[in-house]
Amino acid sequence: MTQNRLMITNIQRMCFHDGPGIRTTVFTKGCSLHCPWCSNPENLSAVPEHYERDGIQGTYGQEYKTEELVKTLLKDRDFWGEDGGVTFSGGEALLQAGALEEVLKRLKELGVHTAIETALFVPEENLRGVLPYIDYGIVDVKVLNPAVCKEVLGGKLEFYRKNVRLFYDSGRLKLFRVPCCREYTFTEENKRLLKEFFREYPNVPVQLFAIHSLGEKKYRSLGRTMWKAGEMEQESLEKYCRELKECGIEAEVIRI
Amino acid sequence: MISKRVIPDDFKENGTDKSYDEVFALICRNIRVQISGSRFVYFIDTDYVMDTTKGYRYENLTPAYCKVLHIGLNGLKYPLEEVTDGFCRSYNSVLDHLILLADRIIAELEPYGTRMERQRRWFERLKNEPVEGFEEAIQRMLFVNQIFWQTDHRLTGLGAWDFYLDEYYQRELAKGSLTKTEAHEILKDLYRVLHHNYEYKSNMLKGDTGQIFVLGRSDEQGNYICNDLTYLFIEAMKDVQQSEPKCLLRVNKNTPRSLIETALESIATGIGAPLIANDDVVLPELIRFGIDAQDACEYGTSACWEPLIIGKSSSLNNMTVLNYLKALDNLLKRERLEDIKTFEDLIDKYLVYLRRNLKAVKRVLACHRFQYNPLLSVFTEDCYEKKTDVSWGGARYHHVGITSVAMGNLVDALFNIREFVFERQIYSLYDVKKILIQNFEGNESLRKELKAKASRYGTDEEEISNLVNRITACVSEEIEGYRSYLGGRMKTGLSGSAYMDAARNFGASFDGRKAGEPFTVHISNEDNDGFTEIVGFASQLKYGAGRFNGNVVDFMVSPDFIHNNQDKFVDFLMACIRKGFFEMQMNVVSSRQLLEAREHPEKFPNLIVRVWGFSAYFKDLPEEYKDVLIKRALKNEGLAS
Numbered sequence: 000m001t002q003n004r005l006m007i008t009n010i011q012r013m014c015f016h017d018g019p020g021i022r023t024t025v026f027t028k029g030c031s032l033h034c035p036w037c038s039n040p041e042n043l044s045a046v047p048e049h050y051e052r053d054g055i056q057g058t059y060g061q062e063y064k065t066e067e068l069v070k071t072l073l074k075d076r077d078f079w080g081e082d083g084g085v086t087f088s089g090g091e092a093l094l095q096a097g098a099l100e101e102v103l104k105r106l107k108e109l110g111v112h113t114a115i116e117t118a119l120f121v122p123e124e125n126l127r128g129v130l131p132y133i134d135y136g137i138v139d140v141k142v143l144n145p146a147v148c149k150e151v152l153g154g155k156l157e158f159y160r161k162n163v164r165l166f167y168d169s170g171r172l173k174l175f176r177v178p179c180c181r182e183y184t185f186t187e188e189n190k191r192l193l194k195e196f197f198r199e200y201p202n203v204p205v206q207l208f209a210i211h212s213l214g215e216k217k218y219r220s221l222g223r224t225m226w227k228a229g230e231m232e233q234e235s236l237e238k239y240c241r242e243l244k245e246c247g248i249e250a251e252v253i254r255i
Numbered sequence: 000m001i002s003k004r005v006i007p008d009d010f011k012e013n014g015t016d017k018s019y020d021e022v023f024a025l026i027c028r029n030i031r032v033q034i035s036g037s038r039f040v041y042f043i044d045t046d047y048v049m050d051t052t053k054g055y056r057y058e059n060l061t062p063a064y065c066k067v068l069h070i071g072l073n074g075l076k077y078p079l080e081e082v083t084d085g086f087c088r089s090y091n092s093v094l095d096h097l098i099l100l101a102d103r104i105i106a107e108l109e110p111y112g113t114r115m116e117r118q119r120r121w122f123e124r125l126k127n128e129p130v131e132g133f134e135e136a137i138q139r140m141l142f143v144n145q146i147f148w149q150t151d152h153r154l155t156g157l158g159a160w161d162f163y164l165d166e167y168y169q170r171e172l173a174k175g176s177l178t179k180t181e182a183h184e185i186l187k188d189l190y191r192v193l194h195h196n197y198e199y200k201s202n203m204l205k206g207d208t209g210q211i212f213v214l215g216r217s218d219e220q221g222n223y224i225c226n227d228l229t230y231l232f233i234e235a236m237k238d239v240q241q242s243e244p245k246c247l248l249r250v251n252k253n254t255p256r257s258l259i260e261t262a263l264e265s266i267a268t269g270i271g272a273p274l275i276a277n278d279d280v281v282l283p284e285l286i287r288f289g290i291d292a293q294d295a296c297e298y299g300t301s302a303c304w305e306p307l308i309i310g311k312s313s314s315l316n317n318m319t320v321l322n323y324l325k326a327l328d329n330l331l332k333r334e335r336l337e338d339i340k341t342f343e344d345l346i347d348k349y350l351v352y353l354r355r356n357l358k359a360v361k362r363v364l365a366c367h368r369f370q371y372n373p374l375l376s377v378f379t380e381d382c383y384e385k386k387t388d389v390s391w392g393g394a395r396y397h398h399v400g401i402t403s404v405a406m407g408n409l410v411d412a413l414f415n416i417r418e419f420v421f422e423r424q425i426y427s428l429y430d431v432k433k434i435l436i437q438n439f440e441g442n443e444s445l446r447k448e449l450k451a452k453a454s455r456y457g458t459d460e461e462e463i464s465n466l467v468n469r470i471t472a473c474v475s476e477e478i479e480g481y482r483s484y485l486g487g488r489m490k491t492g493l494s495g496s497a498y499m500d501a502a503r504n505f506g507a508s509f510d511g512r513k514a515g516e517p518f519t520v521h522i523s524n525e526d527n528d529g530f531t532e533i534v535g536f537a538s539q540l541k542y543g544a545g546r547f548n549g550n551v552v553d554f555m556v557s558p559d560f561i562h563n564n565q566d567k568f569v570d571f572l573m574a575c576i577r578k579g580f581f582e583m584q585m586n587v588v589s590s591r592q593l594l595e596a597r598e599h600p601e602k603f604p605n606l607i608v609r610v611w612g613f614s615a616y617f618k619d620l621p622e623e624y625k626d627v628l629i630k631r632a633l634k635n636e637g638l639a640s
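If you're matching them up, the sequences are chains A and B in order. Take numbering that gives the first Met the number 0: the final residue in the first sequence is number 255, and no numbers are missing along the way. Take numbering that gives the first Met the number 0: the final residue in the second sequence is number 640, and no numbers are missing along the way.
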């Protein structure tokens, strides 16, 4: 991958959930984790992938030159208003930090509000490079037991924690987001760890959401099977949300 | 519905039709007066309706209801010395017989004593006096409305009642004889009373009644004008949860956020209304077309979306349908295809055939002569001064309009031909012709491939809007010189109700559509990445030179999407207004709900959906219309196979 090209799978316009205002979200291809509940399997591998869906074949993944990408993104500029803008999601957008930095820099030059949703399991320098060009950081919080994290997600928690601190100290980390899954992130142990974790970062609100199976068709199109998670009860989310609030943590349950 | 009409025997004498005046008199004398005991007196005797089936009748119009507010019926008549011809006599005769009908209603109200005393007084005053109060004003306009239905004016619009009524509302508020809450209740009763007879009022499908209130407006300087009643009309419509009447909300970039919020709350309930019209785009085009700026500010629509000047216009905006695919079909069947070497050649030839089709449309329209209509003349401005019936050109505006279908199918078909014939050279144009004639038989994999391609119509790629603008500009040029027998010009637009009917006997098309399958709906695209894209596309389209006869962006939205994001959706709508769509309507339904309702209609008796330009109960729709909605909803939610 040359530095001035970004491998992406989708540009989703008119997003309401990926930061303030109305946003255009760019889904980058390639991820450093392999969360069992992932609903975007097409974003796991960093290279283009062939798929077949209902008899129709195609490729997940397309390289965009930075200028070309910026031009495409600007189509919705009139809808962003004062607080909306562009969000980079994935996959793990920070795996393509070089090209991402170029795009972000260009967007900032144009006065566009920028956001990133990241799991932060990346080398620290990847985050450092883009940090000055990010207005709004959304950080996923998943499994906080280092051994389980390594084994199930494939990520080193120490890198993650370091990056979260760096992000937080920059003042650009604005939101934590927890994909709630009974088997991994919503166990009693992890719920306790999450609570402790959030307390370390005062004034960062938390969003909880139940994982879903909307990615099932995409798994099938890649010849894979989606892991079947146990059903999450909305009430248990609400209850945990109340617990967080009682600890002084600003939290809400969202539906995605 | 219209097919069930019974024509009374006494409208004829010795086998010959009686005159308009005679039939109108019979109607006022003989219709069954029905008093329900509710707040408003409103009835239609559906067994005794004027026969207007022998000629081109007026429909899809909105009378000048406000003419009866400041003066009684007698005051509208020509003074005796001014009665100089048959039209003046007919005109006065209409008013005399309306007074006779008012007297009959008064007589029927007598037995109700004090319970209906107010109503009796309202009808007494109707004869000679101006309106005094809010409810009386509504009653008077309802009286006008019912007589239009009684005389077989189909799709009778309602107009800007928030403005007609404001004076009386304000007066009563100041006096303390009315509160805002009471006004809200009164408007709910108004919606209920107009919903009566909705089957009779329905035109092509149940719910297609044309009953539309047009709310809010802009002035010539671009200021936005609304009042309490603008809000109350929307809120009352939301609260009664009926399929119709519905309302259209006119907006501009200065519309208050609170009004957009009120509109969205109504839309989010799924009733498909209000439809939103963007004055910032519509008004300049009306004015450029030659409509007086002040009149343009008073525009409403013909039932669905086609702008017309309320009470000043005898425009018929749905005279026929232009099928954009037809010219391509003609080309493939009649042209020497080997002469078409490039995509550019194809487009050039397409435009030649399109012009030919339009010439045929013009020839057909030139033959129409409207029916003599003194009632409509009474309620149309200028007819009195000109002493001229609407059918002879009495109204200020009598432009005619055509709607259109299949632009989406055409655009996709053309770009597919570009790819498969001119770029990849997999097929020749002859192959395309053969494949379509054979309705994709033996070419199912190709059909699937075409069908699976994301539709390009409604994307904001420049080449798409450029092509659409080029095609519609050709239509504009071709219809520019047209004049109706009254001197009216022709208008066109990209919306049309015939996406099912016109498609039923139409062959396959190279967008993967098989013969008989429905065309795409208005300006829509369920393959879009977001609603912003279709709005971006709509804002790139040209609506000038007569291209303003309805251009509605049509969304399928899942209820959760709005409910979970209400504030941001309001931001989105406000951004859309600034961006410059022409008109917009939303179907807020989930595929799950529609599938369940198709399976178990008894569980969803009140589920309302938006069909072409009206709202209807889902249970009332023919299966094919239900299928289109379900398919679109599935696609919108990314669940289509």
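Here a beta-carbon is modelled for each residue, glycine too, at the ideal position from N, C-alpha and C.
- Message: Across the stretch 517–535 of chain B and the stretch 550–558 of chain B, are there enough close Cβ pairs to call them in contact, namely three or more that are closer than 8 angstroms?
- Response: yes
- Item | Nearest-angstrom beta carbon gap, Ile21/A and Phe560/B [assumed within contact, 8 angstroms] | The sequence position of residue 560/B within the second sequence is 561, counting from 1. The sequence position of residue 21/A within the first sequence is 22, counting from 1. Between Ile21/A and Phe560/B the Cβ distance is about 13 angstroms, and since that is not below 8 angstroms, they are no contact.
- Message: For Asn73/B and Thr178/B, what's the separation of their Cα atoms in angstroms?
- Response: Looking up residue 73/B in the second sequence gives position 74. Looking up residue 178/B in the second sequence gives position 179. Cα-Cα distance, rounded: 32 angstroms.
- Residue range of the unbroken alpha helix (DSSP H) whose run includes Phe518/B: Sequence index remark: in the second sequence, residue 518/B carries index 519 (1-based). Note, Phe518/B: premise wrong, no alpha helix (DSSP H); not H, not E.
- Query: Should Ala250/A go down as buried or exposed, given a rule of 16 or more other Cβ atoms within 10 Å for buried?
  - Reply: Counting from 1 along the first sequence, the entry for residue 250/A is found at position 251. The residue in question, Ala250/A, is buried, as its Cβ has 16 or more Cβ neighbours within 10 Å.
- At least one CB of chain B closer than 7 angstroms to the CB of Lys217/A: is that the case? Residue mapping note: residue 217/A aligns to position 218 of the first sequence, counting from 1. It does not: the Cβ of Lys217/A has no partner Cβ on chain B nearer than 7 angstroms.
- Task: Check the DSSP bridge columns for Val177/A and list the partner residues they point to.
- Result: Sequence index remark: in the first sequence, residue 177/A carries index 178 (1-based). Val177/A pairs with Leu207/A.
- Item | is_contact[Phe26/A, chain C] using C-beta, thresh 7 angstroms | In the structure shown, chain C does not exist; the protein chains are A and B.
- Message: Between which residues of its own chain and Ser265/B is the CB-CB distance below 7 angstroms, once the five residues before and five after are set aside?
- Response: Along the second sequence, one-based indexing puts residue 265/B at 266. Ile233, Met236, Lys237, Ala272, Pro273.
- Taking just the CA atoms, how far does Leu108/B sit from Glu116/B? Translated into positions along the second sequence, residue 116/B becomes position 117. Translated into positions along the second sequence, residue 108/B becomes position 109. Approximately 8 angstroms between the Cα atoms of the pair.
- Message: From the DSSP secondary-structure annotation, give me the bridge partner or partners of Ser88/A.
- Response: The count along the first sequence starts at 1 and reaches residue 88/A at position 89. For Ser88/A, which the question treats as bridged, DSSP gives the partners Phe26/A.
- Message: Which residues in chain A have a C-beta closer than 8 angstroms to the C-beta of Phe571/B? List them in chain order.
- Response: Position 572 of the second sequence holds residue 571/B. Under the 8 angstroms cutoff, chain A gives Met13, Ile21, Phe78.
- Query: What span of residues does the beta strand (DSSP E) with Arg12/A cover, start to end?
  - Reply: Translated into the one-based positions of the first sequence, residue 12/A becomes position 13. From DSSP, the beta strand (DSSP E) with Arg12/A extends over 4–14.
- Query: In chain order, what residues of the same chain lie with their CB nearer than 6 angstroms to the CB of Gly579/B, ignoring the 5 residues before and after it?
  - Reply: Here residue 579/B refers to the residue found at position 580 when the second sequence is read from its first residue. Correct list, in chain order: Val280, Ser538.
- On a CA-only basis, which of Ile43/B, Tyr77/B, Pro255/B, Pro558/B is nearest Ala267/B? Give me that one, please. If you number the second sequence from 1, residue 267/B lands on position 268. Answer by Cα proximity: Pro558/B.
- Query: Per DSSP, which one or two residues make a beta bridge with Phe554/B?
  - Reply: Residue numbering aside, residue 554/B sits at position 555 when the second sequence is read from its first letter. DSSP, once it has assigned bridges, lists Met585/B as partnering Phe554/B.
- Message: Suppose you measure from the CA of Phe23/B to the CA of Ala615/B; what does that come to, to the nearest Å?
- Response: Within the second sequence, the letter at position 24 stands for residue 23/B. Within the second sequence, the letter at position 616 stands for residue 615/B. In a straight line, the C-alpha of Phe23/B is about 31 angstroms away from that of Ala615/B.
- For Arg56/B, count neighbouring Cβ atoms within 10 angstroms of its own Cβ and tell me buried if that reaches 16, exposed if not. As a first step, residue 56/B is located in the second sequence; it is residue number 57 there, counting from the start. Counting Cβ neighbours within 10 Å, Arg56/B comes out buried, since at least 16 surround it.
- Query: For a contact meaning CB atoms closer than 8 angstroms, what does Arg176/A contact in chain B?
  - Reply: If you number the first sequence from 1, residue 176/A lands on position 177. What Arg176/A touches in chain B: nothing, since even the nearest Cβ is about 15 angstroms away.
- Query: Do you know how far the Cα of Tyr230/B is from the Cα of Arg120/B?
  - Reply: By one-based count along the second sequence, residue 120/B stands at place 121. By one-based count along the second sequence, residue 230/B stands at place 231. Approximately 29 angstroms between the Cα atoms of the pair.
- Which runs of the alpha helix (DSSP H), 4 residues or longer, sit entirely within the stretch 78–132 of chain B? 85–108, 116–127
- Other residues of its chain near Ile7/A: CB distance less than 7 angstroms, five sequence neighbours each side excluded: Here residue 7/A refers to the residue found at position 8 of the first sequence. Cβ neighbours of Ile7/A beyond the five flanking positions: Val25, Phe26, Thr27, Lys28, Gln61, Tyr63.
- Query: Which runs of the alpha helix (DSSP H), 4 residues or longer, sit entirely within the stretch 300–367 of chain B?
  - Reply: 323–333, 342–365
- Item | Minimum Cβ-Cβ distance from Asp139/A to chain B less than 7 angstroms | In the first sequence, residue 139/A corresponds to position 140, counting from 1. So, not an interface residue.
- Note down, one range per segment and in chain order, each alpha helix (DSSP H) of at least 4 residues found wholly within the stretch 45–90 of chain A. 65–72, 76–79
- Over the uninterrupted alpha helix (DSSP H) stretch that includes Gly170/A, give me the two end residues. Indexing the first sequence from 1 puts residue 170/A at position 171. First-last for Gly170/A: undefined, no H or E at that position.
- Task: Tell me, to the nearest whole angstrom, how far the beta carbon of Tyr135/A is from that of Ala118/A; I am working on the premise that it is less than 8 angstroms.
- Result: On the first sequence, residue 135/A is found 136 positions in, with the first residue counted as 1. On the first sequence, residue 118/A is found 119 positions in, with the first residue counted as 1. Their Cβ separation, rounded to whole angstroms, is 16 angstroms, which puts Tyr135/A and Ala118/A out of contact at 8 angstroms.
- How many Å lie between Ile270/B and Glu198/B at the Cα? For this step, residue 270/B is matched to residue 271 along the second sequence. For this step, residue 198/B is matched to residue 199 along the second sequence. One C-alpha to the other measures close to 18 angstroms.
- Indicate whether Leu154/B and Ala359/B have their beta-carbon atoms separated by less than 7 angstroms. Against the second sequence, residue 154/B aligns to sequence position 155. Against the second sequence, residue 359/B aligns to sequence position 360. Their beta carbons are not under 7 angstroms apart, which means Leu154/B does not touch Ala359/B by this criterion.
- Item | Contact with chain B by Ile255/A, beta-carbon distance below 7 angstroms | Counting from one through the first sequence, the residue named residue 255/A turns up at place 256. Chain B, which has no Cβ nearer than 7 angstroms to the Cβ of Ile255/A, makes this no.
- Query: Do the stretch 41–50 of chain A and the stretch 63–78 of chain A meet, that is, are 3 or more Cβ pairs less than 8 angstroms apart?
  - Reply: no
- Item | Lys70/A, buried or exposed, once every other Cβ within 10 Å from all chains shown has been counted against 16 | Translated into positions along the first sequence, residue 70/A becomes position 71. Counting Cβ neighbours within 10 Å, Lys70/A comes out exposed, since fewer than 16 surround it.
- Can you pull the chain B residues whose beta carbon is under 8 angstroms from the beta carbon of Ile55/A, in chain order? For the purposes of this step, residue 55/A is identified with residue 56 of the first sequence, where counting begins at 1. Chain B residues near Ile55/A: Lys447, Glu448, Ala451.
- Can you tell me the Cα-Cα spacing of Gly54/B and His367/B, whole angstroms? The sequence position of residue 54/B within the second sequence is 55, counting from 1. The sequence position of residue 367/B within the second sequence is 368, counting from 1. Cα to Cα, Gly54/B sits roughly 8 angstroms from His367/B.
- Could you confirm whether any beta carbon from chain B is found closer than 7 angstroms to the beta carbon of Asp168/A? Start at 1 with the first residue of the first sequence, and residue 168/A comes out as number 169. Answer no: the Cβ-Cβ gap between Asp168/A and chain B never drops below 7 angstroms.
- Query: How big is the Cα-Cα spacing for Arg139/B and Asp17/A?
  - Reply: On the second sequence, position 140 is the one that residue 139/B refers to. On the first sequence, position 18 is the one that residue 17/A refers to. Taking the straight line from one Cα to the other gives about 53 angstroms.
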